[in-house]
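In the working numbering, the protein residues as written are 584 to 762. Written out below as structure tokens is the structure these notes cover.
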Amino acid sequence: MSRFAEFCAGYFKRYFELHPTEAIYYGIEGYDHLLNDYSDEAYRADQTFVRESLATLRRIPKPDLAEDETIDYALLLGKLTVQDYEYAKEDYRLKWPDTYSPVDAIYILTVRPTNDFAGNLLSRLDRTPALVQQGIANLSRSEANPPRLWTEMALAGARGGVAFLENLPAHPKVKESVR
């Protein structure tokens, strides 16, 4: 395994630990029962992870890369560079109210394969109040200042989310899982 491939294996393992709701989009199992953590501790861990990953990636000699690795390297370097910049610029948790909506993370379970649909769905639903509480705590800080439009959009999304959750018991996949 090349040095870059080893880096990627470790990088993506840790990435999905820090961003479990994204794993299902890549077909990665083992995270479907979790929601993202927006605590200060998790935020600092992700910020450190991005900074350290960027430094490690930059130490991999580009001439050693295979042709397809060169493209992956450039994409990952760009992603990490933008993330590092964003972390230096501001704390997104204090600006994006829709961050704390679990609806997408719940919806995706209804349209993508998952190893334990009912268990993962119930787990994410059970974790929802804690996620919402993190949002309330973070957005109640004196330094929080989400743009009005983003707040209005989050409120509209929340109303749609409530409708989705109220209708979730009628979803065919949910009905099938309770038989």
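Beta carbons are placed, not taken as given, at the ideal position from N, Cα and C, and that holds for glycine.
- Separation of Tyr621 from Asn698, as counted between CA atoms: Within the sequence shown, the letter at position 115 stands for residue 698. Within the sequence shown, the letter at position 38 stands for residue 621. Near 25 Å, if we compare the C-alpha coordinates of Tyr621 and Asn698.
- Quick one: measure Cβ to Cβ for Gln630 and Tyr683, integer angstroms, because I've assumed they're closer than 8 Å. Residue 630 sits at position 47 when you count from the first residue of the sequence shown. Residue 683 sits at position 100 when you count from the first residue of the sequence shown. The beta carbons of Gln630 and Tyr683 sit about 19 Å from each other, so the pair does not count as a contact at 8 Å.
- Item | Segment contact flag, the stretch 586 to 600 with the stretch 635 to 647, C-beta cutoff 8 Å, min 3 pairs | The stretch 586 to 600 makes contact with the stretch 635 to 647; the number of CB pairs closer than 8 Å reaches 3 or more.
- Task: Go ahead and label Gly744 buried or exposed: buried means 16 or more other beta carbons lie within 10 angstroms of its beta carbon, across all protein chains shown.
- Result: Locating residue 744 in the sequence shown gives position 161, counting from the first residue. Gly744 comes out buried.
- Is Arg687 buried or exposed, if buried means 16 or more other CB atoms sit within 10 Å of its CB? Stepping through the sequence shown from its first residue, residue 687 is reached at position 104. Rather than Arg, the amino acid found at residue 687 in this sequence is Asp. Counting Cβ neighbours within 10 Å, Asp687 comes out exposed, since fewer than 16 surround it.
- By Cβ distance, which residues of its chain are closer than 7 Å to Arg676, with the 5 residues on each side in sequence left out? Position 93 of the sequence shown, counted from the start, is the residue given in the question as residue 676. Hits under 7 Å: Tyr621, Tyr626, Thr682 and Asn721.
- Message: Quick check on the DSSP output: the alpha helix (DSSP H) that includes Met736 runs from which residue to which?
- Response: Taking the sequence shown and counting its residues from 1, the one referred to as residue 736 is at position 153. First-last of the alpha helix (DSSP H) with Met736: Arg731 to Asn750.
- Message: So, for Asp647: in the same chain, excluding its five sequence neighbours on each side, which residues have a beta-carbon less than 8 Å away from its beta-carbon?
- Response: Along the sequence shown, one-based indexing puts residue 647 at 64. Cβ within range, chain order: Ser585, Arg586 and Phe587.
- Query: Unbroken alpha helix (DSSP H) runs of length 4 or more, entirely within the stretch 694 to 722: which are they?
  - Reply: 700 to 722, all fully within the stretch 694 to 722.
- Are the beta-carbon atoms belonging to Arg692 and Arg707 less than 8 Å from one another? As a first step, residue 692 must be located in the sequence shown, where it is residue number 109. As a first step, residue 707 must be located in the sequence shown, where it is residue number 124. Per the sequence shown, residue 692 should be read as Leu rather than Arg. A contact, by the Cβ cut-off of 8 Å.
- Item | Tyr594 versus Leu601: straight-line alpha-carbon distance, rounded | Taking the first residue of the sequence shown as 1, we reach residue 594 at position 11. Taking the first residue of the sequence shown as 1, we reach residue 601 at position 18. Taking the straight line joining both Cα atoms gives about 11 Å.
- Would you mind reading off the limits of the alpha helix (DSSP H) that contains Thr653? On the sequence shown, residue 653 is found 70 positions in, with the first residue counted as 1. Counting along the chain, the alpha helix (DSSP H) containing Thr653 begins and ends at Glu650 to Lys672.
- Return the CA-CA distance between Thr604 and Gly740, expressed in angstroms with no decimal places. Position 21 of the sequence shown holds residue 604. Position 157 of the sequence shown holds residue 740. Taking the straight line joining both Cα atoms gives about 18 Å.
- Where does Lys678 fall in DSSP's three states? Along the sequence shown, read from residue 1 onward, the residue named residue 678 stands at position 95. Residue state, collapsed to three classes: coil.
- Message: For a quick check, are the C-beta atoms of Leu663 and Val694 less than 8 Å apart?
- Response: For the purposes of this step, residue 663 is identified with residue 80 of the sequence shown, where counting begins at 1. For the purposes of this step, residue 694 is identified with residue 111 of the sequence shown, where counting begins at 1. Taking 8 Å as the Cβ cut-off, Leu663 and Val694 do not qualify as a contacting pair.
- Enumerate in chain order the residues of its own chain whose CB-to-CB distance from Phe846 is below 7 Å, with the five nearest sequence positions on each side excluded. Beyond the ends of the chain as shown, which are 584 and 762, falls residue 846; an answer cannot be given.
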